[in-house]
Structures are given as structure tokens and as C-alpha cells.
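Novice: Handing you a structure now.
Residue numbers (my numbering), protein chains in the order written: chain B, 1 to 710; chain A, 711 to 1420.
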């Protein structure tokens, strides 16, 4: 546990003073020893005879490798011989290796030949570490050989990783079952392997100059995990620390921005079609109750409000300044905001980094830092915060209050969020445009939404995380309290190319995003519509108390598809205990299907739905319900919807709340029924057996990550 | 190519006369030799000395195995020794094997010890064959070792498989790249390996009594593919041939059923709420122009039509009889239909196999066969055929004519089809309920829709294929002409369990379904909504002429998500040639993004969309367009929709037609724009970047399978 940092420091300092960016094998062993990373017995021989002696001492077979600071790719140089079986072979191998090395690079400094115990048996795996521009140090784990190369079967975690993180990596690869022993193989020691992974992660966490580390292969067996080969690459120029205010400071700033008492509109206009006009209209018509100050060089009054030539002329304090002026005027107006001690600048204008004007963006970034103004954007539509009736945007106002906070990096996606929300009557607490993210980004928003009682679920569209490390740290904390959903665009090589031409940002390796988001408890939405559906449903669904899901369906066909969807979304259909099975059977026709799904069959009256749903809610062993409705004359859609709401409210009065979702198969009347159900807390979907299960699955995924289930 | 069937016949006859259900290794070798399946050199030794001599002749090392008709699991019996290196070792091994075998099963007949050339090097793969209850003989291929066991990395094709089918199997597994040579490995001979697979498939195709065959491992190398071990299991009781009328006969029958001149309603009723009343109403109000005969024991007239006590009393011919009577009356009424030479019986009633009444279903099945009446159902909602305004169902009538034919095994899913179609204004040619499929099933429908000019795309919900082999054969033919989409329910173990409790049908192995559907050119829909979206869009999209897809987007953020979706759906974003790039740049602002997506940026007027879309249609190198619209004041949603339609129609007049799909990001007005676009042949979707690309991807998948692209 307590690592020997001093030894590592000495080894690294020596490499640095030599001007090297890699460690030699013996240095690698020293570093591994210092961090409890098991490596084979070994020694360095300066002569053929010494090689033979070393081999005899540790026992043959051995592996012999050239030791030279100038030869990194030892195999390529002919500097490696494996399976050396005797003293005579060791002497011969020594000479061969030296000759090969000289042929490869005549001027190479040669420190000798390493003689190493040859590891055999066990499962070959790979453990490594990399430095990601956004996430920083990451530890990696994968199976050796073709599995990592052909199937890209590798997984990452932020370093340092906990023992639990490390253990999760063993199950995080597709071929993880191999470690449990297949085809007569022995299972490996999971603790030993996880400990090795954790130690590697702590090593790179403690020494930022270790840019890359490779243990390849590591032999994992029942008895332990030993790294057969160590490769450590150094970087003496680590990236500069990013600007990060304290969490407390962020909360203070964000509270002034999201819940302002006063808003100035720089570039306010009375002229229809102007952005400064739309912003004014939205603020006023949206019902914002704070002070609104139009800023305009000449006008005395705009839309009935007294106008000022500069924010500096405004008599009272200003919390937020919304910019609706061309890019070239932003810097000077921003400086004035600084002098006025404005807390947040909402930079709608485009014409910065996204059009190549990187310098212009840097300039405003610096002004913001100097004055302590937080910048939203530039290149955004603005933002909404419904608890304050605040529509600080040029888009149409949005007023349907609720508990989903959404953000988008792109304006187009922001418009899709607004349109979908309005159309699907999604209750929203906030919608925020982040655009070029010159300053405020996802982790600032998370920090605010964490303590915002009006926000119960957070959904973010994002093309890149400028500071993935900070985001992950904040998300890890926030996701324990509220679901955090992310649509990470640029997932694929093609998408990433488009992302990079769009924002000038380097798109990250998607596998890293995937693993780190999971490690941080973030639910990743596969697509735009999924993100929207999750945000809409998750704020309604109560948190499940356990894994037992039961399907109650009037349509057998829906039952099958809902079961398929349960598997797709990682949900467990409860194995029905005999007494519960009997209890359900009491309510359904004799030819209804037993078990789970509970198939009540098609021609049943409302009472059958009612009785079975009530039972599903009352029985404590059941934790969540999926309803499959089939439109019939006997139980029309609205009758079904009302009876479900009735039972749910009856149970709520008794203190029973469980997540319920519904799939409605029927003619167009089911759409109104779905709406009625959603309005009463039951996410329901017409013509789909997948969406209801997907949103329930997302709720479960979150609840598991937050430690609320199991 | 020409196989030696006679030899195989002799070997099998011998096994049969011995009463064995497996072949010995030497028999296996004979069979392999007869079908050009390479196996190692070998011989059977009757003594230790003979084993040594054989080994010397073929060269050591060798593998030695017990030969006994009574020992199937040779390894378990201690009957296998590998790596026998010399004559002395061979003699010793002979004695050991015999001793082990006697210990394992004292009474076992022992024919000797097989001495076999030991194969080394090359890539270990598995080739096999199985018999599926629905699909019959299938050939299987996978990588050896952990890849098949842990990752279930195996793929199937119907046997016999063509060389092309066999080649496709090499790419059909996840780890297929290994065969191309990785980590310095040599690529294997694809032709040799495919030939071996094809030969195996022909062998099991020619000899139905071969129930299972395992070549494990097969060593594939640059020089060929040799099966190191052969295991053949026999089944002397192959399932009986299924009833299969000729394709011509099916077309004749189905034409009378789908385009009837006269329909009888058995159980017609004037009483509201009765199924026989709903059917009458739907026939009449749906506008069916043929003769309608109500059948009722007493009534003289129902809904203004003369009623008859029996179909036999009806003066003219009857093409179709719709049954709206309880299950217990069906058999006798069906027999009367038989006497009347009715072509099709539409059996709405439930109460047959799905409620356990298997005998009742068998009874009506036999009546149908005897009289040559085709049965639809039982346990269905009926069917629609819009070109004849025919709504022979108790559900609500559907009249929006178009070119998608849909079917469902389940009634609930049928209602979802009707509701979705009406809500999304999907043009439909037919909706058919198949229910218990006592007779008519998916391949009968396919055969009809193949030659139905009103049907351009076929979409089927299905829980099991009673005769997967027939379906695959018909689908292979039909899918060359029209897209065939299938939603296969019961994909997962859980879903399959629900399916089997629902219909009493054995759910098939999903991997087999997946592979065979692909082999048959069927597009598999991952979920219900996907099936509906595909059916709705594919009938509108022209067939692409090549793989070059271009995204034109006003929202950079949509561009990234659309690119992601392209990768997810197997679409290739065209690499933009410099001249075309320049041509696009002429129309877009200087900071618009180069390449593909073409990012025209957000604030552009209609002209920019118009110019770029026109260019995308005019340039012959581009084969399909994906549009990303961003709602702005400058180009409002309906303006965008109209301009797209205008350009598309302008190009159509010049003979240019390409598939176009659109993703609309904006406020709720985009929904009307999406509808306008769809009405004019451009599938367009509000708030989604995934669905437009998924439907285009489905069209491509079909076109590739049908050989229309590339």
C-alpha cells in the first residue's frame, strides 16, 4: 500500500538528467518493485559467463534482452532471445544479442544483457497507462494477443483507480470470462490482478511525467500476476494545469447567473428580427420578474424599459449580461461588464474559434479571467431557467416547468431540445447553450444543478470535454444524487472528424469516453432521441428498490418484445415465486400465460388490468412494472390509462411507489392515453415496445451506479 | 466438385445396419475423402508394431486415437495421445490407449488405434453442421478455442451453401480479421477454407441422416485447410416433409384471398359490439366493391344484405369466408366452406393452440388440407388489402393507400401497426394477421406480395417461422425484387421464453435466425418502431446507385451526430474530391466546414440550402443525401421543406432521382415540415439524427443484398 516514492523519484531524476524519455528495463524493474508490481527475477550480465551464472541461479529457461538506453524496440533490434535453456545456450545468446545490437545501431550505448526468469503458464493479459489530453492519466487493461489487437478488447479507468475500479475492469472486457477459467483453464486471482492494476494507476497518478506505461504481457494465474515486460515512456513537459475555481466559488457564480436579480441586454433592440430584440421579447414575455436593462448606444428606451449606453451607466447591480452584438464589439463591452462586476456574460455572438478566430476567443477568455466574469459561449442561443421564468435567448420562449436540466454544445441540438420538449410536454428546469465553451462548461453546470432543487435529472449533449478529468470528478459526485445523462457526439471516427471540423476541438477516443463516463456514473445515451426520452422519463420514475421487474401485458406479442427489450437494457425479469404466480392466476383466464410476463390475454375487462397491476404494486418482492396494453373495445385506451392512474394513486396514498412504464399497442387513441399516463407519472409510449423499457433501463443503470439498487 | 456419393451411402448404410448413430474416425475419413474435405494422413494399427510403422511412414509427430464404435468421447476414455514423437513412443502409446479403453468400457468393441499425422501451425478454426427444427441443415463456422466458447463467435448458413455464402462466413465472425493475418501471422487461404465449408454443406445437404458434423479443429493456413478431427452424428428418423403447395398454386390461392370477388361473413351480426358486426361494418364502410354474403342461422338480412343460413346456400362462388363464430363451431362451418369450394378461410376466433386446444387446431388444419382451403389464423384480427378497399377485420378500417405490406403474428402488434400507420400517414397495401399460423404463413404472403404491383416493401412481425427453410428460399428470391423487413420477436433467451408461452412454438436460436435472414436478403429490424419506420420510409426512397453518401447540414452539431449514425448504420461518407469540395464551397460562407458533412452553417438563407442540395443531386459521384436542417428565422421550417421538394422535383424532371432523408432540429413547426417532406418522397424526422440515417441504412442494406449497389 505504502509505495516507495523516493526510489521512483531517483530513477526518474536520473533519466531526466540523462535527457532520456524512456526507462531501461532494470530501471523499469526498480520502479515496479517500488510500487509492488511483481516482475520476474532478473539481473544484468556484463559478460557471457555472467549471463550463464545468472541463469543458473534463477533456473532455466530464461529470457535474455539487450539493455541499452538507445534501443527502445528490442525485438526489432534482434535484442531478445526467449527460451534459453542452459548455461551454454546463455553464453551463446549473450554474444548473438550483442552482435545484433551493434548491427542495428552501431553507436548505441550498451549496459549489458538482462537475464530474466521466463514466465510460463497463466493467462496473458496487458496492463498499461496512457495520458489523455482531456482525462489525463488513465490505466488500461486487456487480454493479451489477438483479443486486444483484433477485437480491441481493452478497457480504461481514470488513474488512480480504486481496487473496486480495478476489479470492474476485469469484467469490463468482452473476453473477461477467460479470467474465470474456460476449457479447463484455472481461474486467475482477481485480487492479485486488480492490485497490480491499482498499483500501476497509483504510480502514474503520483508521477505525472510517466506519459505511457506498458506491462505486456502480464502473466495472471491462480497464484498472482507478474509483468514479464515493462516499458515506461516519459514526458518532461506535462500540460499546464487548467483554470479551476473552487466548487464553492462555482456555486456562488452559477447561482448569480442562473437565478439573477438583474439582466442587462447588450445590443438590445426594438427592431423586429434582430437578436437583441428577440432576447428582450423573450425576457419580458417569458415572465422574468427581475430587472431588465437594455443597453444601446443611443436609444433612451426599448420596449418600455429605460435604456443605457453602457452597463456602467446602470444604477444598480447587474448579475448577467446577455450579449447580442457582433463579435468585434464583444471584448470592449465585456471589459465594461468587468468593471461593473457583472457575474456572468452570455455570449450569443458567433465569429470566434468556430470560424477560425481563435485569437479573438483567447482575448475574451483573458478578459473574463481578469475580471472574474464567467463566460457562457460564445456562439450560443443563450439559456433558459424556468423556475425564474428566465428565457435569456433569441429562440422561442419555453415555459413548461419541470425537473430536467438540459445543455447542448451545438445550437442546432439546442433547438431540437426545445422543439421536442414542447411537443412531448417535457417538464424542464433549464436549457443551456455551451457553444465554444471558452469558459463555462459541463462541470460548472453539473456543480450548479447538483444543488438546484428544481433539477432532478441532468442531460447533456457534448462533442468534447475540454477538461474531462474535472467533469469526471464532479460527475462521480453528482451522479450519486441525480441521474446525469450524456449524449457524446463524435463517437465514431467519422463523427469525430465532423466534430473536429465543427468546433476545432480534438475529439477524444470514444472507448475512453465510454469507460470513464461509466466509471463516473454517467448514463450514456446512444442517440439524440434517446437522450431526450431519458430526460423526459427519468424525472417521472421513482427509484426502484430492487432488480425484480414484472411485465403485465394484454398482448402476448408485446410481452415477447418487451422481454427482448429487457435483455437489451440489462433488466432482470423476476422469476415468479409459486405463491405470487398463483395470486396472479386468480385474476387471469385459465389460458393466460404463467410466469413473467403475466399475460392477462387480449379480451379482458378493465378489472383484470386493475387487479393484476394492484397486485404488482402491493407485493414487496416486485420492484418495477412494465405494462403492455392492447387496444380493445372492452378496455379502450383512455379507460386503461385512467384505471392505471387510479391504482397508482391508491397505492401512493399507502406509501407504495414503484417505477412503472407502459407500451401501448392500438389505434391512434392510444396517443392520448400515453399523454394522460405521462402526465400522471407513468412514462407511456404508443407503438413502441423498446422506448418504455429503455427509459426504465436507464433509470436502473443510474440507480445501480449510485448504489441505490443492490 | 463431383462428390463420391456412393462411398458415403455405403458408409452410412453400414452404420445403419449396425444400429449406430455415429461414425467411427476411419469412416469419418472415408466420408471426408468422398467430399473433398482434407483430413490428415492416417491409418489404423492393429498392433503396437504396426502403429510404429505407420508413424514412421507419415512422419512424426503423430496423434493416436482409439477406434471403437462403442466409445464416442475418446478423450474422456483416455483414448487419445497427442505429440507422439518416435517409433518407441508410438509402441508405448498403443498399449496405454488400449489399457485405458478397456478400463473405460470393458465390453467395448475395439477396431484398433488410429495413427494420424499431427497438424501444427496454421489457424485453428471450427467447421460444423447442425439440423435446426425450422431451417433444417445448417453449416457453421467459427474460430477455434476461446473465441468460439467465450465470445460465441460463430456463424451459420443454410446448407448447401454456395462458395460465396461460404466466403461470407469468413467475414461473418467478429474475429474474422485473424484469418487475414495479424501479429505477423500469415493470412489463410480463403478459397481453400471456403471450399471446405461448402463441401461440408453439400455433404449434409445430400445426406439428411447426417444430423450433426464437427470438424474441430480445422487447421487453416496459406496452403489449405485440413480437418484434424471428424465427428459425425446420425439421425435415422428425419422429420417428415412439410406440406408445401407449388409457388404457382400459392399465387393462385392467395390471389383469390387477397383480391376476392366475394366475401362471406360466417357469424355476421346486426348487433353492435359483436365481432361479426364489426367485420360487416368494416367491409361495407371500407368501400369493398365485391359481393358480401352475411351467413347467419336465422336472419334473413343483415345490414341491408341478404343473409344465408350456410355458405352452401349462397348462389354464386365465394372466394373468402371470414369466421366470426366461437371456436367450437369452426370445424363444421369450415367443412361447409370446403364443399362450397371457398378458397380462403379467415379464422378470427381464438381458442385453439394458443389456449392449449392443439387437437382443435389439428382438426381444422386437416379439414383445410382435405378441401384445399387455405386457412389464415386462427386467433387473428383478420386482414386488410387496400387496393381492393378490403377491411376483412373487426378492427377499425384502414384506408390510406400505399405500398407497404405488413403482417403480424400477434394481434396486439397488428393494432400497433394500424395505429402507427394512421398516425404517421403510412401508405399501406396490406396488413395481415397470421396468429397461430395453422396453414398460411410468411412464405405464402411473400409469394403473393412478390407479384403484387401494389406492394413495394414487405414488413413482417414474427415470433417463429414454422418452416424457416421455405421462408428463406422464398425470401432469397423475393428480396432481390422488393425489400423484405422482419421484426423477429423472441430474440433473446427471455423473449424466447415469453414467445413460447404465447404461441406454444419453439423459439429458434437467434444467431441462426440472424445469419439465415441475412443470407436470405431479409433486413432485420431491431425493434417494433424500427420495423414501422423502415416500412414507412423504404417505399418512398429510390434505390441508391452507389455508396457515396453526402451530409448537407445547417447545424454543425447535427452533422456530427448524423456522421455517428452513418457509421452505426454501415453507410460510407463520400471522400469529397477537391473539385466537388470547391464547388460546394462556392455556395457556403468561408467559415463553413469543408469536406463531408458539408456544413453550410446556421444563419444561411434558403438559397444556400437550395444550391448545395441541387449540387448534391446533380453531381453523379454522389449517390444519396442526408440533410440536417436547423430552424432559423432566415429559413423557417416550411420554407426549407418547400425548397427541398422544389429542387427534388426539378431534378426528377431531368431524370435524376436519389434517396434523400432529412433530420430537422427546431421548434415544433418542424413537425409539419417533416410531414410535407414525407408526403413528397423525402423521409424526414423531427428531433432525431438517428432515424433518418437508420432508414437510409436499411435501404442500402437491402440494395446491397439484392446486388443493386456495387
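C-beta atoms are modelled at their ideal positions from N, C-alpha and C, and glycine is treated no differently.
Taking C-beta pairs closer than 9 Å, name the residues in chain B that residue 828 of chain A reaches, listed in chain order.
Specialist: Position 118 of the second chain holds residue 828 of chain A. Under the 9 Å cutoff, chain B gives no residues; its nearest Cβ is about 20 Å from residue 828 of chain A.
Novice: List, in order along the chain, the chain A residues whose C-beta lies closer than 8 Å to that of residue 580 of chain B?
Specialist: Locating residue 580 of chain B in the first chain gives position 580, counting from the first residue. The contacting residues do not exist; residue 580 of chain B stays about 16 Å from chain A at best.
Novice: Given a limit of 7 Å on CB to CB distance, which residues of the region 527-540 of chain B reach chain A?
Specialist: Under the 7 Å Cβ criterion, the region 527-540 of chain B contributes 527, 528, 529 and 532.
Novice: In its own chain, which residues sit with a C-beta less than 8 Å from the C-beta of residue 1211 of chain A, not counting the 5 before and 5 after it?
Specialist: Position 501 of the second chain, counting from 1, holds the residue named residue 1211 of chain A. Here the model assigns residue 1211 of chain A a pLDDT of 44, short of 50, so the residue's position is not dependable and the matter cannot be decided.
Novice: Measure from the alpha carbon of residue 419 of chain B to the alpha carbon of each residue in B:536, B:449, B:487 and B:464, then state which is nearest.
Specialist: Against the first chain, residue 419 of chain B aligns to sequence position 419. Of the listed residues, the one whose Cα sits closest to residue 419 of chain B is B:536.
Novice: Please say whether residue 65 of chain B and residue 116 of chain B have beta carbons closer to each other than 9 Å?
Specialist: Taking the first residue of the first chain as position 1, residue 116 of chain B is located at position 116. Taking the first residue of the first chain as position 1, residue 65 of chain B is located at position 65. With contacts defined by Cβ atoms closer than 9 Å, residue 116 of chain B and residue 65 of chain B form a contacting pair.
Novice: So does the region 435-451 of chain B actually touch the region 462-477 of chain B, counting three or more Cβ pairs closer than 8 Å?
Specialist: When C-beta atoms of the region 435-451 of chain B are compared with those of the region 462-477 of chain B, three or more pairs fall below 8 Å, so the two segments count as touching.
Novice: Taking Cβ positions only, does residue 1410 of chain A come closer than 9 Å to chain B?
Specialist: Here residue 1410 of chain A is taken as the residue at index 700 of the second chain, counted from 1. Judged by the 9 Å Cβ criterion, residue 1410 of chain A is not in contact with chain B.
Novice: With DSSP collapsed to three states, give me the class of residue 1117 of chain A.
Specialist: Indexing the second chain from 1 puts residue 1117 of chain A at position 407. The answer is strand: DSSP assigns residue 1117 of chain A an E or B state.
Novice: Would you list the one or two residues that DSSP bridges to residue 382 of chain B?
Specialist: Walking along the first chain from the start, residue 382 of chain B turns up at place 382. In the DSSP output, where bridge partners are listed per residue, residue 382 of chain B has B:393.
Novice: At a CB distance below 7 Å, what residues from the region 376-392 of chain B approach chain A? Give them in sequence order.
Specialist: none
Novice: So, does the region 517-526 of chain B touch the region 1085-1099 of chain A, judging by three or more C-beta pairs under 8 Å?
Specialist: Taking a contact to require three or more Cβ pairs closer than 8 Å, the region 517-526 of chain B and the region 1085-1099 of chain A do not qualify as touching.
Novice: Please compile the residues from chain A whose C-beta is within a distance smaller than 8 Å of the C-beta of residue 463 of chain B.
Specialist: As a working mapping, residue 463 of chain B is identified with position 463 in the first chain. Going along chain A in sequence order, the residues near residue 463 of chain B (Cβ under 8 Å) are 1267 and 1270.
Novice: Tell me whether the beta-carbon of residue 1149 of chain A lies closer than 9 Å to the beta-carbon of residue 1100 of chain A.
Specialist: Working through the second chain from its first residue, we reach residue 1149 of chain A at position 439. Working through the second chain from its first residue, we reach residue 1100 of chain A at position 390. It is not a contact, given that the beta carbons lie outside the stated cut-off.
Novice: Quick one: which chain A residues come within Cβ less than 7 Å of residue 584 of chain B?
Specialist: Within the first chain, numbered from 1, the residue matching residue 584 of chain B stands at position 584. Residues of chain A passing the Cβ test: none, with the nearest at roughly 13 Å.
Novice: So, at 7 Å on beta carbons, what are the nonlocal neighbours of residue 1401 of chain A in its own chain, with the 5 sequence-adjacent residues on each side left out?
Specialist: Locating residue 1401 of chain A in the second chain gives position 691, counting from the first residue. Contacts found: 1243 and 1395.
Novice: Taking 9 Å as the threshold (beta carbon to beta carbon), is residue 1038 of chain A in contact with chain B?
Specialist: Start at 1 with the first residue of the second chain, and residue 1038 of chain A comes out as number 328. By this cut-off, residue 1038 of chain A is not an interface position.
Novice: Closer than 8 Å, Cβ to Cβ, to anything on chain B: give me those residues from the region 1129-1147 of chain A, in chain order.
Specialist: 1129, 1130, 1132 and 1133
Novice: So within the region 19-105 of chain B, which uninterrupted alpha helix (DSSP H) runs reach at least 4 residues, ignoring any that extend past its ends?
Specialist: 25-34, 48-58 and 87-104
Novice: Does residue 661 of chain B have its Cβ less than 9 Å from a Cβ in chain A?
Specialist: Translated into positions along the first chain, residue 661 of chain B becomes position 661. No, its Cβ sits nowhere closer than 9 Å to a Cβ of chain A.
Novice: Where DSSP assigns a beta bridge to residue 548 of chain B, which residues make up the other side?
Specialist: Locating residue 548 of chain B in the first chain gives position 548, where the first residue counts as 1. Its beta-bridge partners are B:572.
Novice: Just to confirm before moving on: does the CB-CB distance between residue 385 of chain B and residue 429 of chain B stay below 9 Å?
Specialist: Here the question's residue 385 of chain B lines up with position 385 in the first chain. Here the question's residue 429 of chain B lines up with position 429 in the first chain. Yes; because the gap between Cβ atoms is below 9 Å, this pair is in contact.
Novice: For residue 1405 of chain A, which residues in chain B fall below 7 Å Cβ to Cβ?
Specialist: Within the second chain, residue 1405 of chain A is the residue found at index 695, counting from 1. By Cβ distance, chain B contributes nothing, its closest Cβ being about 14 Å from residue 1405 of chain A, past 7 Å.
Novice: Using 9 Å as the threshold, is the C-beta distance between residue 1040 of chain A and residue 974 of chain A below it?
Specialist: Within the second chain, residue 1040 of chain A is the residue found at index 330, counting from 1. Within the second chain, residue 974 of chain A is the residue found at index 264, counting from 1. Not a contact, by the Cβ cut-off of 9 Å.
Novice: Flag residue 887 of chain A as yes if its beta-carbon sits less than 9 Å from any beta-carbon of chain B, otherwise no.
Specialist: One-based indexing of the second chain puts residue 887 of chain A at position 177. Under the Cβ distance rule, residue 887 of chain A counts among the residues neighbouring chain B, one pair being separated by less than 9 Å.
Novice: Counting only Cβ-Cβ distances shorter than 8 Å, please list the residues of the region 149-175 of chain B near chain A, keeping chain order.
Specialist: 149, 150, 151, 174 and 175
Novice: Looking at residue 392 of chain B: is its Cβ nearer than 9 Å to the Cβ of residue 426 of chain B?
Specialist: Counted from its first residue, the first chain places residue 392 of chain B at position 392. Counted from its first residue, the first chain places residue 426 of chain B at position 426. No; because the gap between Cβ atoms is not below 9 Å, this pair is not in contact.
Novice: Would you identify the three-state DSSP class for residue 702 of chain B, choosing helix, strand or coil?
Specialist: Counting from one through the first chain, the residue named residue 702 of chain B turns up at place 702. Of the three classes helix, strand and coil, the one that applies to residue 702 of chain B here is helix, per DSSP.
Novice: Using Cβ-Cβ distances below 9 Å, what residues of the region 197-214 of chain B are close to chain A?
Specialist: Legend: CB atoms of the region 197-214 of chain B lying less than 9 Å from CB atoms of chain A are not found in any residue.
Novice: Within 9 Å (strictly less), CB to CB, does residue 963 of chain A reach chain B?
Specialist: What you label residue 963 of chain A is simply residue 253 of the second chain in a count that begins at 1. Judged by the 9 Å Cβ criterion, residue 963 of chain A is not in contact with chain B.
Novice: Could you name the residues of chain B that residue 1106 of chain A contacts, counting a contact when the two beta carbons are closer than 7 Å?
Specialist: One-based indexing of the second chain puts residue 1106 of chain A at position 396. Ordered by position in chain B, the residues that pass the 7 Å Cβ test against residue 1106 of chain A are 667.
Novice: Quick check on DSSP: helix, strand or coil for residue 1339 of chain A?
Specialist: Counting from 1 along the second chain, the entry for residue 1339 of chain A is found at position 629. Looking at residue 1339 of chain A - three-state DSSP - the assignment turns out to be strand.
Novice: Note down the Cα distance separating residue 360 of chain B from residue 663 of chain B, rounded to an integer number of angstroms.
Specialist: Mapped onto the first chain, residue 360 of chain B falls at position 360. Mapped onto the first chain, residue 663 of chain B falls at position 663. Each residue's Cα considered, the two are about 51 Å apart.
Novice: Might you give, ordered along the chain, the residues of its own chain that have their beta carbon closer than 6 Å to the beta carbon of residue 336 of chain B, omitting 5 neighbours on each side?
Specialist: Mapped onto the first chain, residue 336 of chain B falls at position 336. So the qualifying residues of the chain are 310, 311 and 312.
Novice: Tell me the DSSP secondary structure of residue 951 of chain A in three-state form.
Specialist: Numbered from its first residue, the second chain carries residue 951 of chain A at position 241. In the structure shown, residue 951 of chain A sits in coil (DSSP, three-state: anything other than H, G, I, E or B).
Novice: Closest to residue 1013 of chain A by CA distance: which of A:991, A:1026 and A:1032 is it?
Specialist: Sequence index remark: in the second chain, residue 1013 of chain A carries index 303 (1-based). With distances taken between Cα atoms, residue 1013 of chain A lies closest to A:991.
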